[in-house]
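Counting from 1486, one number per residue, gives the positions in the sequence shown under the working numbering. Think of the CB as a built atom: it goes at the ideal place given N, C-alpha and C, for glycine as much as any other residue. Remarks on the structure that follows.
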Amino acid sequence: MENDCLFCKIINGEIPSTFIFENETLVMFNDINPKAPVHVLIVPRKHIRSINDLEDEDTGIVSEMILCARDKAKELSIDKSGYKLIFHVEKGGGQEIFHIHLHLIGGWDK
Ligand code: AMP
């Protein structure tokens, strides 16, 4: 938990959100400003600023984020049509919220 981190506050329930999936490692919720028909954010419970701050011990978290994204894509029936998985890294990479998250984006053909 990091003070003044929006995603930590969402994870802790200080800011209301609807989780479309959650487990011990991560939560998922819809992006408030979707760039496509499907735009889900996959967010680990552990506060990690960006990809640059990942440590070797975080391997399991990253794997789980990707595998849960795969499962959610299938559940939302966008697996066959295809989708994007995006990490923005720091300001120059378009990152606005400095708590690592994976964007699952797709559903254009729906
Ligand atoms: P990034 O640019 O990778 O840091 O992406 C941050 C994303 O968080 C943006 O796509 C925002 O639309 C999204 N976002 C910001 N605030 C919220 C919120 N309260 N609930 C859901 N998504 C949010």
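Item: Start and end residues, beta strand (DSSP E) containing F1506; Value: F1504 to E1507
Item: Range covered by the alpha helix (DSSP H) that runs through F1583; Value: Unbroken run through F1583: none, as it is neither H nor E.
Item: For F1492, the three-state DSSP class (helix, strand or coil); Value: helix
Item: Extent of the continuous alpha helix (DSSP H) to which K1569 belongs; Value: It is not in any alpha helix (DSSP H) - K1569 instead sits in the beta strand (DSSP E) that spans Y1568 to I1571.
Item: Among I1533, I1571 and A1521, the one whose alpha carbon lies nearest that of C1493; Value: I1533
Item: For G1591: DSSP bridge partner residues; Value: V1523 and Y1568
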